[in-house]
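Note sheet for the following structure.
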Amino acid sequence: MYSHEAGFLHAQGRAPAWLEVPQDVNALLQPIWPGSAHKPPADSILRVGGLTVQEIAAQVGTPAYVLDEADFRGRAKAFADAFAEAFSPLEGAHVHYAAKALITVGIARWLAEDGLSVDVCSGGELEVVMRGGIPPQRITFHGSNKSDAELIQAMEVGVDLIAIDSLAEIARVAQVADEGDFRPNVMLRCSIGIEAHTHEFIATSHEDQKFGLSAADGSVEEGVRRVSSHPRLNLRGLHTHIGSQIFDARAFRQAVQRMADLTVSLEREHRVCFPELGLGGGFGVAYTTGHDPLEPAEIAARMAEHVEHEFKAERLAVPHVTVEPGRAIAGPAGITLYTVGTVKPVSLDGGFTRLYVSVDGGMSDNIRTALYGADYSATLASRRSSAPPRLARVVGKHCESGDIVVKDEYLPADIAAGDILAVPVTGAYCHSMSSNYNSVPRPPVVSVQDGLLTVLLRRETMTDLLARDLYA
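Using the numbering used here, count along the sequence shown one by one with no gaps and you end on 493.
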C-alpha cells in the first residue's frame, strides 16, 4: 500500500468542515487571540500589547514569539481565583503552573509575584523557576525518568513534593533520601485506565504508555506499601493526569471517580490517608473556531462538585486538590510573527489549487503540526487587503515536506513576500519544543504590555549554535 511521506498532511484536497470562508479576510476571530490583540478597521494592522507588528518586528525581527503579558497573567489569576473560590467550602485547592508549556526566568517572576505554584519535570526547569523567585515550597517535581542528580537537586532545595512515577523510582528516591539524610514529601502518579478523547501522543492515563503506576496491575498498591514502609518518605497523596487538550468535562469527572475508588481501596487495605489529590491539567484551548474550551470558573466548579460528591459518597476525607494548567495559561497569550517569502499556487487533482505561503520559520519553532497534526490559524498582520480570501497552507523554510505551520487557512489572494503573518495560540509548546533543525537559530521570546516590549529570551545567533562545536 503506497502512502505519502507526509501522511495525513497531504490527504486533504479541500478545507476542513470547521473552516468557513471569512466574510472579511482582514477580521480577527477574537476568541483565539490575546486580549489586547486587535486590528483597527482603518489599516487592519495587528496590534498587541499596544504595539503594531511592524514595531515589534523592527525591534526583534521575525520569526518571534510574542506574549501578551497582561493576558498571560490574567489567565493565571483566573485559574487561581476560580479554584480557590470553588474549593473554599472543601479543603482548598492550589493551581500549579506547568512549566513545560513555557518557562523563562521572567515568566517565573510573574508567577512568583502572582502567588502561583509551579510543576517542573527536569532539573533545568527547576533551576529556571528558582532563579525566577518561586520558593521551593511551591514546587512539585514530576518526570518519568528523573536522574539521581535531579533527585538530589530537588531534595537539596526542598521542593514541596516529588511525584513518583514508577516502582523503580521509589527505590532511587529512597536511596537518595537515605544517603543525604533527606525526608521528602512524595505522591504517587497513577494510571487509571481513562482513554481521554485527545491525540494519542498527549493521552497520558491509559494503560499502554510510559507514565505512572498502573492501578489495574497492582503497581499503585505495591507503591503505597513500599513508600509507607520507608521511614524517610512521607506519602502525601495520589496524582493522575489523563491527557492534554481535553474539552469533555466528563473525562475529569471519571478521573475523580476512579481516584476516589482507588483511594478508598488503598486506605482500607493499608490504613493510610492521602491528604493531597493531584488531578493534573490538560484543559483544552481554542486553536481554531473548531474548538470550544471550558472557562476556568466552570472547570473549577465542576471539579469541586465531583470531588465533594465522590469522596463523601465513599465516606472519605475530602483531600486538598492541585491542578496543573500550562497550555490553558500560556497558549492563548502568545502569537508568533513570521515574514512571508515564497508564495506559489500548486495545482491538485480535480482542478483544485492550493496556495502555499512560505515563511521564515517553520517546524523548528513550531513542531506541533508535524508531530501530531495540530491545527492553527493565521492572519495577514501588516496591512489591509481588498483581495478575496483564498485557501492557503502556511509552510516553513525547512527541508521537509511535513514542515507545515498552518495546514488550512483562508488568506488574502494577494499575500506576497514581505508581508507579516501572525499565528495565534503559540504560547505553549512552541518555544519549549523548538529546535535548531537545519542549523536555524531559535526565535526570541518577548512580552508586550502598554506599548513596551521586553525581551525575555533573545534570538539565538550563529555564535550560539557554534559555541558547542569544538572544531568551529
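Backbone N, C-alpha and C define an ideal beta-carbon position, used for all residues, glycine too.
*Around the Cβ of Tyr-492, are there at least 16 other Cβ atoms within 10 angstroms (buried) or fewer (exposed)?*
Taking the first residue of the sequence shown as position 1, residue 492 is located at position 471. It is exposed - the Cβ of Tyr-492 has fewer than 16 other Cβ atoms within 10 Å.
*Thinking C-beta only, is Ile-191 closer than 8 Å to Lys-247?*
By one-based count along the sequence shown, residue 247 stands at place 226. By one-based count along the sequence shown, residue 191 stands at place 170. The amino acid occupying residue 247 in the given sequence is Arg; Lys does not appear at that position. Contact: yes.
_Inter-residue CB distance, Cys-211 and Gly-233 (contact presumed, cutoff 8 Å)_ = In the sequence shown, counting from the first residue as 1, residue 211 sits at position 190. In the sequence shown, counting from the first residue as 1, residue 233 sits at position 212. Rounded, the Cβ-Cβ distance is 5 Å, consistent with contact.
*Could you tell me the distance, in whole angstroms, from the CA atom of Ile-183 to the CA atom of Arg-292?*
In the sequence shown, counting from the first residue as 1, residue 183 sits at position 162. In the sequence shown, counting from the first residue as 1, residue 292 sits at position 271. Between Ile-183 and Arg-292, the C-alpha separation is close to 22 Å.
*Contact check, Ser-406 vs Val-46, beta carbons under 8 Å*: Within the sequence shown, numbered from 1, the residue matching residue 406 stands at position 385. Within the sequence shown, numbered from 1, the residue matching residue 46 stands at position 25. Yes, the pair counts as a contact, with Cβ atoms nearer than the cut-off.
*Could you tell me how far apart the beta carbons of Thr-343 and Glu-297 are, in whole angstroms, since I believe they sit closer than 8 Å?*
Locating residue 343 in the sequence shown gives position 322, counting from the first residue. Locating residue 297 in the sequence shown gives position 276, counting from the first residue. So it is a contact: roughly 7 Å between Cβ atoms.
*asked:* Which of the three DSSP states is assigned to Met-208 in this structure?
replied: Your numbering for residue 208 matches position 187 in the sequence shown. The answer is strand: DSSP assigns Met-208 an E or B state.
*Mapping DSSP to helix, strand and coil, what is Glu-430?*
Within the sequence shown, residue 430 is the residue found at index 409, counting from 1. Strand, per DSSP.
*Under 8 Å between C-beta atoms of Arg-96 and Ile-425*: One-based indexing of the sequence shown puts residue 96 at position 75. One-based indexing of the sequence shown puts residue 425 at position 404. Not closer than 8 Å, so no.
*Quick one: any contact between the segment 360-377 and the segment 443-459, if contact means 3 or more CB pairs under 8 Å?*
no
*asked:* Helix, strand or coil, according to DSSP, for Tyr-492 in the structure here?
replied: Translated into positions along the sequence shown, residue 492 becomes position 471. Coil at Tyr-492, not helix or strand.
*Would you call Glu-177 buried or exposed, if buried means 16 or more other Cβ atoms sit within 10 Å of its Cβ?*
In the sequence shown, counting from the first residue as 1, residue 177 sits at position 156. Looking at its Cβ environment, which holds fewer than 16 other Cβ atoms inside 10 Å, Glu-177 is exposed.
_Length at least 3, wholly inside the segment 385-466: the beta strand (DSSP E) runs in chain order_ = 410-416, 425-433, 441-445
*Mapping DSSP to helix, strand and coil, what is Asp-471?*
Walking along the sequence shown from the start, residue 471 turns up at place 450. In the structure shown, Asp-471 sits in coil (DSSP, three-state: anything other than H, G, I, E or B).
*Might you give, ordered along the chain, the residues of its own chain that have their beta carbon closer than 7 Å to the beta carbon of Asp-381, omitting 5 neighbours on each side?*
Locating residue 381 in the sequence shown gives position 360, counting from the first residue. Thr-83, Pro-84, Tyr-359, Thr-360, Gly-362, Lys-418.
_So, under 8 Å CB-CB, Pro-157 and Asp-186 are touching, yes? Tell me the CB distance rounded to an integer number of Å._
Position 136 of the sequence shown holds residue 157. Position 165 of the sequence shown holds residue 186. That pair is no contact at about 20 Å.
*asked:* Assuming contact is defined by CB atoms lying nearer than 8 Å, are Arg-404 and Asp-440 in contact in what I supplied?
replied: Position 383 of the sequence shown, counted from the start, is the residue given in the question as residue 404. Position 419 of the sequence shown, counted from the start, is the residue given in the question as residue 440. The answer is yes: Cβ separation under 8 Å.
_Coarse secondary structure for Arg-96, derived from DSSP in three states_ = If you number the sequence shown from 1, residue 96 lands on position 75. Three-state DSSP puts Arg-96 in a helix.
*Give the C-beta separation of Phe-304 and Pro-353 to the nearest angstrom, bearing in mind that I take them to be a contact with Cβ-Cβ under 8 Å.*
One-based indexing of the sequence shown puts residue 304 at position 283. One-based indexing of the sequence shown puts residue 353 at position 332. Not really, about 11 Å apart at Cβ, beyond 8 Å.
*Val-150 versus Pro-43 - alpha carbon distance*: In the sequence shown, residue 150 corresponds to position 129, counting from 1. In the sequence shown, residue 43 corresponds to position 22, counting from 1. Spanning the two alpha carbons is a distance of roughly 42 Å.
_CA-to-CA distance, Ile-173 to Val-197, given in whole angstroms_ = As a position in the sequence shown, residue 197 is number 176, starting the count at 1. As a position in the sequence shown, residue 173 is number 152, starting the count at 1. So the alpha carbons of these two residues sit roughly 6 Å apart.
*Would a check of beta-carbon distances place Arg-414 closer than 8 Å to chain C?*
In the structure shown, chain C does not exist; there is a single protein chain.
*Alpha carbon to alpha carbon, what distance is there between Pro-464 and Thr-309?*
Sequence index remark: in the sequence shown, residue 309 carries index 288 (1-based). Sequence index remark: in the sequence shown, residue 464 carries index 443 (1-based). Straight-line Cα distance between these residues: approximately 24 Å.
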